[in-house]
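In the working numbering, the protein residues as written are 651 to 729.
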Amino acid sequence: MAVDTHVFRVSARLGLTTNAKTPLQTEQQLLKYIPEEKVHIAHHWLILHGRYICLARSPKCGECGLRKVCKYYQKLVKS
Ligand code: SF4
651 MAVDTHVFRV SARLGLTTNA KTPLQTEQQL LKYIPEEKVH IAHHWLILHG RYICLARSPK
711 CGECGLRKVC KYYQKLVKS
């Protein structure tokens with residue numbers, strides 16, 4: 651899976667990756683969870699989510715359907 655800035659950021663925020671420092675580490679962690687036949691579509695989901703909802707500077711958490719499972723959001727709520 652190609653890991654661009656959106657995939658890197660969204661994966662980390664959601665908690666799909668843990669302490670991944672490089673795109674390669676992100677890819678390796680994601681591939682543990684995502685079945686091979688879903689890798690292509692999951693890649694698109696992550697990119698589109700990062701492009702339109704989970705924006706780098708101001709993620710639209712209020713509009714996001716993944717709030718309940720998002721580690722970044724859970725930390726925000728608790729702090
Ligand atoms: S809840 Fe916020 S930080 Fe988490 S994936 Fe959604 S937009 Fe991103």
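Ideal Cβ positions, reconstructed from N, Cα and C, are used throughout, including at glycine.
Integer Cβ distance of residue i from residue j, believed to fall under 8 Å
i, j, result
"residue 676", "residue 661", "6 Å"
Proximity test, residue i beta-carbon vs ligand 1 heavy atom, cut-off 8 Å
i, result
"residue 709", "yes"
"residue 703", "yes"
"residue 681", "no"
"residue 664", "yes"
"residue 660", "yes"
For residue j and residue i, the rounded distance between their alpha carbons
i, j, result
"residue 686", "residue 666", "16 Å"
"residue 726", "residue 701", "21 Å"
"residue 669", "residue 689", "21 Å"
"residue 728", "residue 653", "29 Å"
Continuous alpha helix (DSSP H) stretch holding residue i: start and end
i, result
"residue 672", "Counting along the chain, residue 672 falls outside any alpha helix (DSSP H), and DSSP gives it neither H nor E."
"residue 717", "Element bounds for residue 717: n/a, residue is neither H nor E."
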